[in-house]
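Residue 569 is where the sequence shown ends in this note's numbering, and the numbering goes up by one at each step. Ideal Cβ placement from N, Cα and C applies to all residues, glycine included. Predicted model, so just to flag it, every value in this text is computed and none were measured. Below: the structure, in structure tokens.
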Amino acid sequence: MRLDELETLKQKSVKTALTQTDKNQVIVLETSSYAIVPDFIAKVNKVREAIAAVNRQLHQPELAGKDFEDFGRQESSLKGIKDGMNALKPNVELVVAEKENIIKKASKADAAQIERVSEKLNEEWNKLNNAYEERYK
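Below, the structure is given as structure tokens:
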């Protein structure tokens, strides 16, 4: 495949997801269906950073302590967090789906690194979902 064909393929398959990290800031993550190992690992780390940002939002003061009693603010914050999680979900699913294809093409050392960052991503994603469910009960 020529470089220009590869770039065209990459441009056609770009998906964009907006993730809310706080009330005034939005991160845009672009993901493509084609990635080499370093690009894939960077993509996983960007998704992990976005998960961490939503997780920080979940643990902000208005959802704990004295402000916890203000249900209006709590509901608004939880809705923003849920919106962020919904925006992240396609990115997480895309990375998980891409992982197997990338591992097939990677060296053993790269495959091990891909497995490590993917496991961390899954762990952090599950932890965020569980913390949200626990908070929303």
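In the three-state reduction of the DSSP assignment, Ser508 falls in the helix class, which pools H, G and I. In this structure the segment 557–564 lies against the segment 505–523, because at least three pairs of beta carbons, one per stretch, are closer than 8 Å.
In the three-state scheme derived from DSSP, where H, G and I count as helix and E and B as strand, Ala484 is classed as helix. Spanning the alpha carbons of His491 and Asp542 requires a straight line of approximately 34 Å. For Ile546, the enclosing alpha helix (DSSP H) stretches over residues Lys540 to Tyr568. Judged by DSSP in its simplified three-state form, Gln489 adopts helix. Here DSSP, grouped into helix, strand and coil, assigns Ile473 to helix.
Exposure of Asn558 is indicated by the presence of fewer than 16 other C-beta atoms within 10 angstroms of its C-beta. Distance from the CA of Ile468 to the CA of Lys475, rounded to the nearest whole angstrom, comes to 10 Å. Counting every other CB atom within 10 Å of its CB across the protein chains shown gives Asn523 a total of 16 or more, marking it as buried.
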